[in-house]
Amino acid sequence: MTSTPLTRRSLLAGAAGLTTAAAVATAGLGATPAAAAEAAASALYPLKPPHLLEAETLVEYLRLRSDQWPLHNRYDVPGQNLGTTAVTWGRPGHPEEFGNLSQCASFITSVLERAYGSDTAYAWATGDYFDQYFPSKSGSTRTAPFPEAEDLQAGFANAANVPHFDPVTKPVNLRPGDLVAIDYDAVRTSTPYTGHVVMIRAVEGTFASSVDSQVGSGVVPYLFQIVDCTSNPHGDPDITSRTSTDHYRAYPDTRGLLADDNSAYTQSTGVGYGHMVFYADPVTKLFAGYRWSVNDSSPVTATGSAATGAVVSAARVNAFLV
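Quick note on numbering: the sequence shown equals residues -36 to -1, 1 to 286 in mature numbering (1 follows the signal peptide of the UniProt record, and there is no 0).
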C-alpha cells in the first residue's frame, strides 16, 4: 500500500467537493450514480479548519455551563473593570475549566493563537505576527495585546500581502472559517468600539427583507451563521410581532432566550453563535453592507472609506501544512 503525501491540496479536497455537489445540483448535469454519491457525501461533511473547530469547542463547553452563563462567559465592556482579557480552553470533559472574558477582536485573535500559535505545528499566530501585520490603524501605540476590529479590517483588506491569509472580496465566496471584519467608526460615532469581527460558521443562502433597499437597489442579502463575541447578540425579536419572533426562532442566537410563549426575550453577552446578513452589490458582487440580524431594521451600507461609512473586509486563513 502506498501513501499519499499530506498537502494543502489534499486537505482542501473535501471543501472542493462542496462546490462540485452544488454545481451538479444546480446545473442538472447527468452525473453517474457513483459521482453523484461522492459529491453528496462531500457536501454533507465539509472539512472545518482548525480555528473553527477551536471556536466551536469553546462555545459548546461554555454552553454546558449555562447555569452560570453570566459569570464564565462575558463581553469585556470598556469601563466596567471586569478583569483581564482571557479566553480559556480547558481539558476535554471539564466544562468548568472553560471561560471567556473578551471582545470581538481579542476573541478571534485568541482563537487563531490557540489553533496556530507557537505551541502548535503551525507556529505563526503570535503576538509579534499580529503586531507586524495588523498594526494599529489609528497610528497610535497599541496599549492592548490584541489588534482592534479596525486593525483586522485593514489587514484583511490587504490580505494578499499578509502571510497566512487570502482575501475574500465577495459575500458569495464566504465559507466556514472565513473572517469578516467591519470598521464602523464613522457610522457609529457614539460607541467606544472601532468595529466588529466575526467568523463564518455556516452558509445559509439568502434572506430578503423590506429594509434591503436602504443599502441599495438590487443588493443580494446573503445569510450566514457566525461565531463571535459581542455585547449585542444577533437577534432582538419584537415580541409583539409573530413574524419577528418566527424569524428569530428560525435564525436564533445562543446568547438570546425567547420565551416559549413569546412573552419575553432576555439576552447575555460573550461568545456564541448568531446570524448576520452581508450584502453584495448586484453588479460588482463586492461587499455592499451588512445587517446585524434577520430582524434588524437598520442595515448599514459599506463604502470604500471609514470616513463616509462602514468598511467591510474578509479573509480566509491559509495555514495548512504543505
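Virtual Cβ for every residue (Gly too), placed ideally from N, Cα, C.
When C-alpha distances from G234 are compared across L26, H128, G119 and L17, the shortest belongs to L26. Boundaries of the alpha helix (DSSP H) harbouring D115: A113 to A121, taken from the DSSP string. Excluding residues up to 5 positions away in sequence, F171, S173, L187, H211, Y212, A214, Y215, H239 and V241 lie with their Cβ nearer than 8 angstroms to the Cβ of V258 in the same chain. In summary, Y237 is buried, with 16 or more beta-carbon neighbours lying within 10 Å of its beta-carbon over all protein chains present. Per the coordinates, the alpha-carbon of S66 lies some 37 angstroms from the alpha-carbon of S181. Relative to P246, the option among T230, I164, V136 and S82 whose CA is nearest is V136. The C-alpha of A279 is placed about 5 angstroms away from the C-alpha of D130. A direct Cα-to-Cα measurement between P14 and Y86 gives close to 11 angstroms. Below 8 angstroms, too few C-beta pairs join the segment 199 to 206 and the segment 35 to 44 to call them touching: fewer than three.
Going by C-alpha positions, L250 is about 5 angstroms away from K134.
Within the same chain, Cβ atoms closer than 6 angstroms to the Cβ of E77 are found at A89, the five residues on either side in sequence being excluded. Excluding residues up to 5 positions away in sequence, L187, F188, Q189, Y215 and H239 lie with their Cβ nearer than 8 angstroms to the Cβ of E168 in the same chain. Spatial neighbours of T48 in its own chain (CB-CB distance under 7 angstroms, excluding positions within 5 residues in sequence) are not present.
Three or more beta-carbon pairs separated by less than 8 angstroms link the segment 110 to 122 to the segment 139 to 147, which places the two stretches in contact.
Taking I72 as the centre and dropping the five residues before and after it, the same chain places the C-beta of V161 closer than 6 angstroms to its C-beta, in chain order.
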